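Chains A and B supply the protein sequences, listed in that same order. Numbering (the working numbering) for the first sequence: 1072 to 1575. Numbering (the working numbering) for the second sequence: 1072 to 1575. Quick reminder that beta carbons are idealized off the backbone N, C-alpha and C, glycines included. None of the values given here were measured: they were computed from a predicted structure. Notes for the one structure printed next.
There are 2 protein chains.
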Amino acid sequence: MFVCARRASAASLRRAHLSTTTHLTPVAEHDIAHFSEFLSPSSIISSLSPRSSPAQELEPFNNDWMGRFHGRSTTVLKPKTTRQVSQILKWCNERRIGVVPQGGNTGLVGGSVPVNDEVILSLSSLNKVRSFDPVSGILVADAGCILQSLTDYVAPHNHIMPIDLGAKGSCQIGGNVATNAGGLRLLRYGSLHGTVLGLEVVLPDGTILDQLTTLRKDNTGYDLKQLFIGAEGTLGVITGVSILTPPAPQASNNVILALPSFDNVLPLYQTVKRQLSEILSAFEFIDRTAYDLAVKHGQGRALSDEDVAGAECFVLVETSGGRREHDEEKLNDLLELLLTADKPLINTGVLSQSPAQFSSIWALREGVTEAVSKEGKAYKYDISVPLSSFKRVVDDTREHLRSKGLLHDRAVKYVIGYGHVGDGNLHLNIVADAYLPEIEDALEPYIYEVVASFRGSISAEHGIGAMKTHALPYSKSAVSIDLMKKIKHVFDPRGIMNPGKVLE
Amino acid sequence: MFVCARRASAASLRRAHLSTTTHLTPVAEHDIAHFSEFLSPSSIISSLSPRSSPAQELEPFNNDWMGRFHGRSTTVLKPKTTRQVSQILKWCNERRIGVVPQGGNTGLVGGSVPVNDEVILSLSSLNKVRSFDPVSGILVADAGCILQSLTDYVAPHNHIMPIDLGAKGSCQIGGNVATNAGGLRLLRYGSLHGTVLGLEVVLPDGTILDQLTTLRKDNTGYDLKQLFIGAEGTLGVITGVSILTPPAPQASNNVILALPSFDNVLPLYQTVKRQLSEILSAFEFIDRTAYDLAVKHGQGRALSDEDVAGAECFVLVETSGGRREHDEEKLNDLLELLLTADKPLINTGVLSQSPAQFSSIWALREGVTEAVSKEGKAYKYDISVPLSSFKRVVDDTREHLRSKGLLHDRAVKYVIGYGHVGDGNLHLNIVADAYLPEIEDALEPYIYEVVASFRGSISAEHGIGAMKTHALPYSKSAVSIDLMKKIKHVFDPRGIMNPGKVLE
């Protein structure tokens, strides 16, 4: 498949963003007066009169946490009920005021801050658990509930949330659903397209679409809720979520394996899946460069120098199951099988023997991100490509940069790969001395073209947001994008919802 | 929620079906001539000249397997490639000829036969496996592949299909996806909305929508494929499916439990989930009447008369796991826990000790259907309601029939309930001496109203088809139905795709 897409410079992106909102009206003072009729004063932050809130109150809403995307909104609304959300949208739709729904604002692609001066609709005050059924494990919650709070809420009932992310302390369930968040539990519990049972959504004209069922099975017509999962707030505002929470595992364990060659990763994955079957909960890949960086930046080594010698890459395997002794027996048998094979797939493996060692092994994997940020400036790509091509994508990118004369101490220092083998999700990081235009030019559209050549995804879990709208054609055909635009028009004919996101 | 829906008589349904297709053109001889330009003679069955196929060749395509729904199509086309499907649809769209996609024709709601004289597009010749990756378990297959063939195809790789149905020997994967089939493995592997990774769909105008990715994660815009899952062929024709197949479990086991009271089912379900955790693969409920009927009609009893005395209902628990001895230990411990409790939730339980006993326990559950058909004429409702209301729905229906004077030997003989507790899916069967209009009038809309009062689903897994279009408002709001119609219009503005199905 050959894909041709226009690549936008920063300047043209800025122009595009301005033109994205020219059909929209800025918020005016009389709009604030209208909102004040049904919102309490604490639910309105606005630099406009009569609120005249100080600029710093708006700042955290106008900027993303990476400091990369910046909006110029004058007004943040924090409704407390679905009805208030409906009243806000009805008014904004009539007045053609752009609306940006904002959850925890923890996204990585600028999806939750305005591209211009749209109203920010913060869901943070819509944060009650509506119901939890400990028998079925079905939780119904307001969209603004923080993921960690929900995890804490179901824990006493021996349930867990089906998703887990680094941002769990800030991100909200509505935002998780709107961005189809992936995270660490996808291998085991599947995507939100399977675990979300129902949604309550306010459509751009204020209509409330109530599909907040608690049914596991419902074959009555088109499954509309699926459209909102991953739409990044461009079709409506998710106000309530019904989600299936799995029973908490009673025991977790992990092991780190050193492999002589990347070629062994795939047969290893097959063996591990067969041996561990239903208790396998993570299978994470770290290449040698990434491993060395993590160790260099202070991660306690689970493996000795001798263990590591001759290893081309590493794999972290986690199990979660209903009984510790059974899981340990399965893991021990797996290790024995691997180490006593005629042609061993691994050089060595270390099984955690304590909660501290368990954490230490995870810290090695999770420490790669921190090591990268300490080492320099990183270009991060979150892509889906076939498992078998992980190493090739990393190696080819490195060679490509070398051929451009960019692989040296004052340009690109490292090209590393790590990620979720089980999900086909590779984190490709290019660690540079500084952000340089020539590096960016060498990387894009090069990497998007590589991804397209594998029929991969340019965004496995981070989404499109404002950052990748121009790159969407690398992963989606013109037919798909045309249908997306038609669906956008059905739900949001005036284009007020999160303008400039997902679709150009 | 109060839902008001019009109930249609058989006569008005017939009229509705005829008016459903008045905007469409019947197939004519020159259409057959056109199809002959790109289809081989064996791919065209038509009573029209020059094919002049005998009527009996068309019969199996025009009638559903229950003999309940009857079409009057003159022409069946059996394309062998996606391109041929595209050519057919392009022509039919231009000529406004209605098209009914047909897989194994095993549905229960008349979704796969014409309501009038539409063309039948049989997918049965589009039946090749395109690829299977034994590492990821991702299978890509033509839509016409029979479910059992795919099960056989992945078996040597130690994988299973994530769905399993009674109709697996005839039903096709494309039909499974189009109807969002549930079946016996949903509790364990989730719905097709989670396991289907990609689809190839031919849109009504002949455009091929290629979203046949093999990615587990892809967050690039709206997840369009989800709309086709469960759309019952009303938005386009599914021609290819990419699906995630799980590793085959190494061991399966089951146990039948006798409960003194229905009230114990829910606490039992909680205990079983906690104890068996990830190896639980089925939790099926059978009420006493259903159990007695199965035994009366020849099911070998796993339980003795003494065991059964005082039991109000029964539960079948199945485990599937990676190691037999671990699973057996967990099951044995569960039984001991249940039997030695201060206030036991069960009277007794019998664990299968051999493959023959394993099958015999399942036969008891599956034998309910056969027993019902031997006992009389059955009105079958496939509904989703909260687990806690299963018994109440059955009891209330029985009382309702009694209050109408219809509960006696020459009218309704039994009202029974059984089904998938884990999925919230109740099969409510009313067994009568004969089909009588007064029974039907007593049952509908009564049962749909009961379901609506619980915010349940009038069709948990069977779909809407031609049979339940009039009842859709009991499960979906006017806002939802209006959006469905708009989406239908986006994909199929001329209304050629499976007319009269899903939406009135």
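For K1556 of chain A, the enclosing alpha helix (DSSP H) stretches over residues 1549-1562.
Between L1192 of chain B and V1308 of chain B, the gap from beta carbon to beta carbon is short of 8 Å. For D1363 of chain B, no Cβ of chain A is located within less than 8 Å of the residue's own Cβ.
Every alpha helix (DSSP H) stretch that sits fully inside the segment 1428-1515 of chain B and reaches 4 residues is listed by chain position as 1461-1474, 1508-1514. The shortest CA-to-CA distance from L1160 of chain A to any of A:D1135, A:V1190, A:S1183, A:G1181 is the one to A:V1190.
Distance from the CA of Y1519 of chain A to the CA of G1246 of chain A, rounded to the nearest whole angstrom, comes to 26 Å.
Neighbours of N1251 of chain A in chain B, taken as residues whose beta carbon is under 7 Å from its own, are N1290 in chain order.
Per DSSP, reduced to three states, the secondary structure at E1377 of chain A is helical. In the DSSP assignment, S1524 of chain B falls within the alpha helix (DSSP H) that extends over 1517-1524. Between K1288 of chain A and S1551 of chain B, the CB-CB gap reaches or exceeds 8 Å. H1094 of chain B places its beta carbon 8 Å or farther from that of W1162 of chain B. For P1338 of chain A, the enclosing alpha helix (DSSP H) begins and ends at 1336-1347. Within the segment 1424-1449 of chain A, no residue has a Cβ lying closer than 9 Å to any Cβ of chain B. With a contact defined as Cβ atoms closer than 8 Å, E1303 of chain A and I1535 of chain A qualify at about 7 Å.
Restricting attention to A:A1537, A:R1565, A:H1560, A:F1525, the CA atom closest to the CA of S1546 of chain A is found in A:F1525. Restricted to the segment 1240-1286 of chain B, the beta strand (DSSP E) segments that are unbroken, complete and at least 3 residues in length are 1267-1273, 1279-1282, listed in chain order. Within the model, the alpha-carbon separation for L1129 of chain A versus R1167 of chain A is close to 22 Å. With a 10 Å radius around the Cβ and a threshold of 16 neighbouring Cβ atoms, A1212 of chain A comes out buried. Taken atom to atom, the span from the alpha-carbon of E1383 of chain A to that of D1480 of chain A is near 23 Å. Its chain contains D1188 as the residues whose beta carbon lies nearer than 6 Å to that of P1097 of chain B, once the 5 sequence neighbours on both sides are disregarded; these appear in chain order. Here V1308 of chain B is bridged, per DSSP, to B:V1273. Our two residues, S1195 of chain A and K1149 of chain A, have alpha carbons roughly 7 Å apart in a direct line. DSSP, reduced to helix, strand and coil, places R1166 of chain A within a helical segment of the structure shown.
In this structure the segment 1277-1288 of chain A does not touch the segment 1331-1348 of chain A; the number of beta carbon pairs closer than 8 Å is below three.
The beta carbons of L1408 of chain A and I1327 of chain A sit no closer together than 8 Å.
Between the segment 1224-1239 of chain A and the segment 1249-1257 of chain A, the count of Cβ pairs shorter than 8 Å is three or higher; the stretches touch. Burial state of S1144 of chain A is buried, judged by a 10 Å Cβ sphere holding 16 or more other Cβ atoms. Going by DSSP, D1213 of chain B is part of no alpha helix (DSSP H) but of the beta strand (DSSP E) stretching over 1209-1213. In the DSSP assignment, I1357 of chain A forms a beta bridge with A:F1385, A:Y1489. When beta bridges are read from the DSSP output, L1351 of chain B appears opposite B:T1390. Taking C-beta atoms as the reference points, G1488 of chain B and V1465 of chain B count as a pair closer than 8 Å.
Contact annotation for V1211 of chain B against chain A: no contact, minimum CB-CB distance about 11 Å [criterion: below 8 Å].
For M1232 of chain A, DSSP records no beta bridge to any residue.
Around the beta carbon of M1538 of chain B, 16 or more other beta carbons lie within 10 angstroms, which makes this residue buried. For P1318 of chain A, the pairing in a beta bridge is given by DSSP as A:H1230. Under the 8 Å criterion on CB atoms, V1190 of chain A is classed as non-interfacial with respect to chain B.
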